[in-house]
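Visitor:
2 protein chains.
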Amino acid sequence: MTGAGTNKTQLGIAGGPAIILVRPQLAVNIGMCARAMANFGLDDLRLVSPREGWPRTDARRKGAYAAAAGAVHLLERARVFDSVEEAIADLNFVWATTARERGQGKRVEPPAIGMAQSAVAIKAGEKHGIIFGPERTGLANDDIALADAIITFPVNPAYASLNLAQAVLLTGYEYFRASQGETLPFATPDHSPPADRKMLVSFFDFLETALEERGFFRPLGKKPLMQINLRNMFHRMQLTQQDVRTLWGVVVRLVEGPRTKVQTRKRLGPKQTPKGTGKKAEE
Amino acid sequence: MTGAGTNKTQLGIAGGPAIILVRPQLAVNIGMCARAMANFGLDDLRLVSPREGWPRTDARRKGAYAAAAGAVHLLERARVFDSVEEAIADLNFVWATTARERGQGKRVEPPAIGMAQSAVAIKAGEKHGIIFGPERTGLANDDIALADAIITFPVNPAYASLNLAQAVLLTGYEYFRASQGETLPFATPDHSPPADRKMLVSFFDFLETALEERGFFRPLGKKPLMQINLRNMFHRMQLTQQDVRTLWGVVVRLVEGPRTKVQTRKRLGPKQTPKGTGKKAEE
Numbered sequence: 325m326t327g328a329g330t331n332k333t334q335l336g337i338a339g340g341p342a343i344i345l346v347r348p349q350l351a352v353n354i355g356m357c358a359r360a361m362a363n364f365g366l367d368d369l370r371l372v373s374p375r376e377g378w379p380r381t382d383a384r385r386k387g388a389y390a391a392a393a394g395a396v397h398l399l400e401r402a403r404v405f406d407s408v409e410e411a412i413a414d415l416n417f418v419w420a421t422t423a424r425e426r427g428q429g430k431r432v433e434p435p436a437i438g439m440a441q442s443a444v445a446i447k448a449g450e451k452h453g454i455i456f457g458p459e460r461t462g463l464a465n466d467d468i469a470l471a472d473a474i475i476t477f478p479v480n481p482a483y484a485s486l487n488l489a490q491a492v493l494l495t496g497y498e499y500f501r502a503s504q505g506e507t508l509p510f511a512t513p514d515h516s517p518p519a520d521r522k523m524l525v526s527f528f529d530f531l532e533t534a535l536e537e538r539g540f541f542r543p544l545g546k547k548p549l550m551q552i553n554l555r556n557m558f559h560r561m562q563l564t565q566q567d568v569r570t571l572w573g574v575v576v577r578l579v580e581g582p583r584t585k586v587q588t589r590k591r592l593g594p595k596q597t598p599k600g601t602g603k604k605a606e607e
Numbered sequence: 325m326t327g328a329g330t331n332k333t334q335l336g337i338a339g340g341p342a343i344i345l346v347r348p349q350l351a352v353n354i355g356m357c358a359r360a361m362a363n364f365g366l367d368d369l370r371l372v373s374p375r376e377g378w379p380r381t382d383a384r385r386k387g388a389y390a391a392a393a394g395a396v397h398l399l400e401r402a403r404v405f406d407s408v409e410e411a412i413a414d415l416n417f418v419w420a421t422t423a424r425e426r427g428q429g430k431r432v433e434p435p436a437i438g439m440a441q442s443a444v445a446i447k448a449g450e451k452h453g454i455i456f457g458p459e460r461t462g463l464a465n466d467d468i469a470l471a472d473a474i475i476t477f478p479v480n481p482a483y484a485s486l487n488l489a490q491a492v493l494l495t496g497y498e499y500f501r502a503s504q505g506e507t508l509p510f511a512t513p514d515h516s517p518p519a520d521r522k523m524l525v526s527f528f529d530f531l532e533t534a535l536e537e538r539g540f541f542r543p544l545g546k547k548p549l550m551q552i553n554l555r556n557m558f559h560r561m562q563l564t565q566q567d568v569r570t571l572w573g574v575v576v577r578l579v580e581g582p583r584t585k586v587q588t589r590k591r592l593g594p595k596q597t598p599k600g601t602g603k604k605a606e607e
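Top line first, the protein sequences correspond to chains A and B.
For what it's worth, my numbering labels the leading residue of the first sequence as 325, then goes sequentially.
For what it's worth, my numbering labels the leading residue of the second sequence as 325, then goes sequentially.
Following this line, the structure appears as structure tokens:
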């Protein structure tokens, strides 16, 4: 599945660059990386000489498995290598991640650019990978020398240390955005269609007539400006048809005062004339 | 400092939206959120009814402090509130983060769009904040109702659960990118300036003459195509001046064979003619 672009499986989106953790110190961090990978549909986890071994004793293993929070399939399928060279042997392009300059003359990109390039190449059939160094020290210069180019993160220079899973998260996030677009799990709900201008103007007329009758527009010379300001306030709300019906009902109630008897109120619509509305609704 | 845009202090970049953790369950997660904030220069941490209390016993407090990994100043300055209403009272605009639709008819944006909007508004003097729900359940509908709009994350729909610190990290990352540009801690090193075309052509002439003399271009009819392919390979390397000098030396050594005596080699430059180069260098 790796390197074959991005596919949809029963686990959701899959594919993308291999994530290669070089000499990770803590099993729990491996679990957190697996979780971050799963969030963004990456499924090729490779471990180079994990300090706590792999697979490990049940107790430690559980640390990793608990941290993976459900992304256990990635841990089960993780491959272990003795060297970075072996771990990247099948890849066409390798990014090294580092928080500081290493003077190796390699191209340096932010994750948004690097992952956009990888998304294009992976879609065309290339196999890409990203190597991440041990928690405390980061990648050794010899590891970085094996990579084609460097990814570094736009961070506060006074506090540049990202933890391992967070670095994996940001590359996964940018790969997902580049390969899937800004696909959100849900969008702004659109239960009611937006109101059209005719509906809005009917409401404005209704409201302004009611206000006019009650002497709201004073001084009269300012009425045109007051009207514009009032309408602009409502325009900013980007009202749906349901919103307009709700506001219409609000104004009717304010105008008419408390209901005098138990009544099943018909929903008020903007097609009813302002004058007639209240009476009709109380029939 | 909060809400006054983005400033540089002795702690690096500061400012940005307030991060409001609503009923966080674990102190250690508060620490990890503080670390993620520090990575991207956010410095206004607010806690609403943290389950483990705040400040807490030394032992638990240490859990948060260890997880903050140096961002202790944010924990020291964190403010605690009894309700979301109090925590956001001074803000002009509030984002709610959620992984699933809540049917509240609010605008929904990915963090890249939401934080770009906040960066502009904060620079203009507004105070923005982002509320994050408890680890297990996320925000309650009543909390979300207090917000102006919703941020959700582009994630693998089969595995959409981000942990708390990772959600904070992604919003901080996008705020940083929007407010600071794609500012990296270091750039591609540029120790040697790029080679110009004249230097490259000198090298190509040198190499191709040496190859010509050794009968590399066969059949002769294919020489023009072979030359173009060879030059294109080197063009792809985007050679620096130092790179060209290094390659020139490589070709000289391949042509001349092993050095015959201990010698201090002068650096070979493309301005020397190919023929004369070897002899001069061995004087």
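Don't be surprised by glycine CBs; every beta carbon is placed ideally from N, CA and C.
Do Ile343(A) and Gly453(A) have their CB atoms nearer than 9 Å?
Guide: Yes. Within cutoff.
Visitor: Helix, strand or coil for Val479(A), going by three-state DSSP, please let me know.
Guide: Looking at Val479(A) - three-state DSSP - the assignment turns out to be coil, as it is neither helix nor strand.
Visitor: Indicate the three-state DSSP secondary structure (helix, strand or coil) for Glu433(A) in the structure shown.
Guide: Glu433(A): strand per DSSP, three-state reduction.
Visitor: If we define contact as Cβ-Cβ less than 9 Å, is Asn487(A) a contact residue for chain B?
Guide: Output row for Asn487(A): interface = yes.
Visitor: Does Leu345(A) come within less than 9 Å of chain B when only Cβ atoms are used?
Guide: Chain B contact via Cβ: absent.
Visitor: State the DSSP-derived secondary structure class of Ile354(B), mapped to helix, strand or coil.
Guide: Three-state result, Ile354(B): helix.
Visitor: Between Ala511(A) and chain B, is the shortest Cβ-Cβ distance under 9 Å, so that the two count as touching?
Guide: Closer than 9 Å to some Cβ of chain B, the Cβ of Ala511(A) qualifies, so yes.
Visitor: Can you pull the chain A neighbours of Gln441(B), defined as C-beta to C-beta under 9 Å?
Guide: Result: empty, since nearest Cβ-Cβ is about 14 Å, beyond 9 Å.
Visitor: Hey, Arg610(B) and Pro458(B): beta-carbon distance below 9 Å or not?
Guide: Residue 610(B) falls outside the range modelled here, since chain B spans only 325 to 607, and no answer is possible.
Visitor: Just to check my reading of the structure: Ile474(A) and Arg431(A) have Cβ atoms closer than 8 Å, yes? What is that Cβ distance to the nearest angstrom?
Guide: The Cβ separation is near 7 Å, so the contact holds.
Visitor: Skipping 5 residues on each side, what residues in its chain have a beta carbon closer than 7 Å to that of Leu531(A)?
Guide: Answer for Leu531(A): Val575, listed in chain order.
Visitor: What residues from chain A crowd round Glu425(B), counting only those whose CB sits closer than 9 Å?
Guide: Per Cβ cutoff of 9 Å: Pro509, Phe510, Ala511, Pro513.
Visitor: What would DSSP say about Val576(A), mapped onto helix, strand or coil?
Guide: Note: Val576(A) maps to helix in three-state DSSP.
Visitor: Return the chain-ordered list of same chain residues with a C-beta closer than 8 Å to the C-beta of Asn465(A), the five sequence neighbours on each side being excluded.
Guide: Here the set comprises Arg426, Gln428.
Visitor: Is Leu415(A) buried or exposed, if buried means 16 or more other CB atoms sit within 10 Å of its CB?
Guide: Its Cβ being crowded by 16 or more others within 10 Å, Leu415(A) is buried.
Visitor: On the DSSP bridge list, what partners appear for Arg370(B)?
Guide: Answer is Ile344(B), Arg403(B), bridged to Arg370(B).
Visitor: What's the call for Ala338(B), buried or exposed, on a 16-neighbour Cβ count within 10 Å?
Guide: Buried, because 16 or more other Cβ atoms sit within 10 Å of the Cβ of Ala338(B).
Visitor: Assign Arg501(B) to one of two classes, buried (16 or more other C-beta atoms within 10 Å of its C-beta) or exposed (fewer than that).
Guide: Answer is buried; the Cβ neighbour count reaches 16.
Visitor: What are the boundary residues of the alpha helix (DSSP H) that includes Gly496(A)?
Guide: Here the alpha helix (DSSP H) through Gly496(A) covers 488-504.
Visitor: For Phe528(B), report the span of its alpha helix (DSSP H) as first-last.
Guide: Element bounds for Phe528(B): 521-537.
Visitor: Can you check which of these residues, Glu376(B), Ile354(B), Leu508(B), Ala469(B), is closest to Tyr483(A) by C-alpha distance?
Guide: Comparing Cα positions, the closest option is Leu508(B).
Visitor: For Trp572(B) and Leu488(B), I'd like the C-alpha separation in whole angstroms.
Guide: Cα to Cα, Trp572(B) sits roughly 55 Å from Leu488(B).
Visitor: Is the shortest distance between the beta-carbon of Gly438(A) and the beta-carbons of chain B less than 9 Å?
Guide: No, Gly438(A) does not count as interfacial toward chain B.
Visitor: At a Cβ threshold of 9 Å, is Thr564(A) touching chain B?
Guide: Output row for Thr564(A): interface = yes.
Visitor: Against chain A, does Leu493(B) count as a neighbour if the rule is that its beta carbon must be under 9 Å from one of theirs?
Guide: Yes, because at least one Cβ of chain A sits closer than 9 Å to the Cβ of Leu493(B).
Visitor: Spatial neighbours of Ala443(B) within its chain, please: C-beta separation below 7 Å, excluding the five flanking residues on both sides.
Guide: Contacts found: Tyr499, Ala502, Ser503.
Visitor: Let me know the secondary structure DSSP gives His452(B) once reduced to three states.
Guide: It is a strand residue.
Visitor: If I follow the unbroken beta strand (DSSP E) through Ala420(B), where does it start and stop?
Guide: Residues 417-421.
Visitor: Under a three-way DSSP split, which group does Ile446(A) fall into?
Guide: Of the three classes helix, strand and coil, the one that applies to Ile446(A) here is helix, per DSSP.
Visitor: List, in chain order, every chain B residue whose beta-carbon is nearer than 8 Å to that of Thr476(A).
Guide: Neighbours of Thr476(A) on chain B, chain order: Leu508, Pro509, Phe510.
Visitor: Please decide whether Ala360(A) counts as near chain B, where near means a Cβ-Cβ distance under 9 Å.
Guide: Yes - at least one Cβ of chain B is within 9 Å of the one on Ala360(A).
Visitor: Determine the chain B residues that contact Ala393(A) at a beta-carbon separation under 8 Å, and present them in chain order.
Guide: Those are Ser485, Asn487, listed as they occur along chain B.
Visitor: The alpha helix (DSSP H) with Glu410(A) in it runs from where to where?
Guide: That run of the alpha helix (DSSP H) goes 408-411.
Visitor: Taking 9 Å as the cut-off, decide whether the C-beta atoms of Thr421(A) and Thr476(A) are in contact.
Guide: Cβ atoms of Thr421(A) and Thr476(A): closer than 9 Å.
Visitor: I believe Val479(A) touches Phe364(B) by the beta-carbon criterion, under 8 Å. Please report the beta-carbon distance rounded to the nearest angstrom.
Guide: Contact holds; Cβ gap of about 6 Å.
Visitor: 9 Å is my cut-off, CB to CB: does Phe456(A) come that close to chain B?
Guide: No, Phe456(A) does not count as interfacial toward chain B.
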